[in-house]
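Numbering (this note's numbering), first residue to last: 4 to 357.
Each remark here refers to the structure printed beneath this line.
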């Protein structure tokens, strides 16, 4: 199963919106076939492994990182292929929360006389597909917020200057975060202040599914010549009802009006819309306004902080805008799940305590 997980990781940047899946076929003590899901619409991991094994698949054990599918999507069911190949046993890591599968794959294999076991290295497999798992279970994507800060927790000077807080290694790491995300979300303040690209530009990453660039722009102030609109790939802009989207639509943006939350777009409505469009994981790259609103609404699942070894001072901008707290028990507590050095900076990963 560990080998199957390493194979699944090879699809980290290319399978979206499908999960990353690996498969290893073992006969006796020998691996007779292996494969992974390379891209949406292409053969699933089980099909690749069966093709590699050929007749040696008969009587073999299949180790798969996700419960084999049993429905017709873009490709035929993997359960049918496993049964036809004559495998004797299937061991999978994660139960598939997709309602089209959700236990039915396991049941179909067992009905065909195949021994089935599940839950082997499930935590690692779930982590690899945390966005897909979250969307299937909640209807919304998994939300990561990336923030680059000085040692004193500042994200920009008072005048908005923020290039560059972190070093080249940290910025390259952010490219990898973008590449594994289905969408990159920012706010209109960042568009007007920084005019970011928000795409994956690191050629060393190889083939990548470019994330959808998403802008929360309640009153459609995004310029039609914004840099991100001139790049290949999709741009979605969420606004309030009654806005004139003509110029932005002509510039190639997909514009959608959603419900209001006061004077701004409803962030839960934005995430619901993205979930409906098979967006598994969202990377937030925004300023303290949007980050503060997401945090206050409990919509950030994971916070990734790149901390640099310099001080910007008390007049610089902070990480989150929000009302001051009156009591210590009002604070939001997070769990540190990873800490590592990235070049001259540190990357700290936190998750919500549910």
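Quick reminder that beta carbons are idealized off the backbone N, C-alpha and C, glycines included.
Contact under 8 Å by Cβ, residue i with residue j
i: residue 286; j: residue 181; result: yes
i: residue 22; j: residue 132; result: yes
i: residue 230; j: residue 198; result: yes
i: residue 278; j: residue 138; result: yes
i: residue 119; j: residue 105; result: no
i: residue 349; j: residue 317; result: no
i: residue 48; j: residue 26; result: yes
i: residue 240; j: residue 258; result: yes
Exposure of residue i, with buried meaning 16 or more beta-carbon neighbours within 10 Å
i: residue 294; result: buried
i: residue 146; result: buried
i: residue 308; result: buried
i: residue 51; result: buried
i: residue 70; result: buried
i: residue 31; result: exposed
i: residue 10; result: buried
i: residue 357; result: exposed
i: residue 65; result: buried
i: residue 304; result: buried
i: residue 312; result: exposed
i: residue 1; result: For the chain, the structure presents residues 4 to 357; residue 1 sits outside this window and is missing.
i: residue 88; result: buried
i: residue 98; result: buried
i: residue 319; result: buried
i: residue 19; result: buried
Cα-Cα separation between residue i and residue j, rounded to whole angstroms
i: residue 16; j: residue 163; result: 32 Å
i: residue 160; j: residue 93; result: 56 Å
i: residue 54; j: residue 301; result: 45 Å
i: residue 7; j: residue 314; result: 44 Å
i: residue 3; j: residue 95; result: Given a span of 4 to 357 for the chain in the structure shown, any question on residue 3 remains unanswerable.
i: residue 321; j: residue 256; result: 31 Å
i: residue 126; j: residue 253; result: 45 Å
i: residue 14; j: residue 42; result: 7 Å
i: residue 169; j: residue 289; result: 15 Å
i: residue 353; j: residue 339; result: 4 Å
i: residue 326; j: residue 292; result: 11 Å
i: residue 236; j: residue 58; result: 42 Å
i: residue 134; j: residue 60; result: 32 Å
i: residue 128; j: residue 56; result: 23 Å
i: residue 251; j: residue 194; result: 14 Å
i: residue 85; j: residue 67; result: 11 Å
i: residue 186; j: residue 282; result: 7 Å
i: residue 330; j: residue 297; result: 21 Å
i: residue 155; j: residue 355; result: 22 Å
i: residue 166; j: residue 79; result: 49 Å
i: residue 172; j: residue 211; result: 19 Å
i: residue 336; j: residue 328; result: 13 Å
i: residue 153; j: residue 344; result: 15 Å
i: residue 280; j: residue 238; result: 13 Å
i: residue 276; j: residue 265; result: 19 Å
i: residue 228; j: residue 196; result: 14 Å
i: residue 91; j: residue 208; result: 38 Å
i: residue 107; j: residue 268; result: 39 Å
i: residue 83; j: residue 233; result: 45 Å
i: residue 40; j: residue 122; result: 20 Å
i: residue 174; j: residue 263; result: 34 Å
i: residue 130; j: residue 12; result: 11 Å
i: residue 226; j: residue 213; result: 22 Å
i: residue 334; j: residue 323; result: 13 Å
i: residue 332; j: residue 351; result: 23 Å
Inter-residue CB distance, residue i and residue j (contact presumed, cutoff 8 Å)
i: residue 191; j: residue 150; result: Not confirmed; about 18 Å, so no contact.
i: residue 270; j: residue 148; result: Not really, about 12 Å apart at Cβ, beyond 8 Å.
i: residue 221; j: residue 243; result: 5 Å
i: residue 136; j: residue 102; result: With 8 Å as the limit, residue 136 and residue 102 do not qualify as a contact, their Cβ atoms being about 13 Å apart.
i: residue 63; j: residue 35; result: 6 Å
i: residue 184; j: residue 33; result: With 8 Å as the limit, residue 184 and residue 33 do not qualify as a contact, their Cβ atoms being about 38 Å apart.
i: residue 44; j: residue 77; result: 5 Å
i: residue 223; j: residue 246; result: 4 Å
i: residue 81; j: residue 111; result: Residue 81 to residue 111, Cβ: 10 Å. No contact.
i: residue 272; j: residue 261; result: 4 Å
Interface flag, residue i vs chain B, CB-CB below 8 Å
i: residue 346; result: The question asks about chain B, but that chain is absent: this structure has only one protein chain.
Residue i CB to nearest heavy atom of the ligand MG below 7 Å
i: residue 263; result: Of the ligands one can find in the structure shown there are none, so the ligand MG has no counterpart to examine.
For the 8 Å Cβ check, are there 3 or more pairs between the segment 193-213 and the segment 170-178?
yes
Any contact between the segment 137-145 and the segment 111-118? By contact I mean 3 or more CB pairs, one from each, below 8 Å.
no
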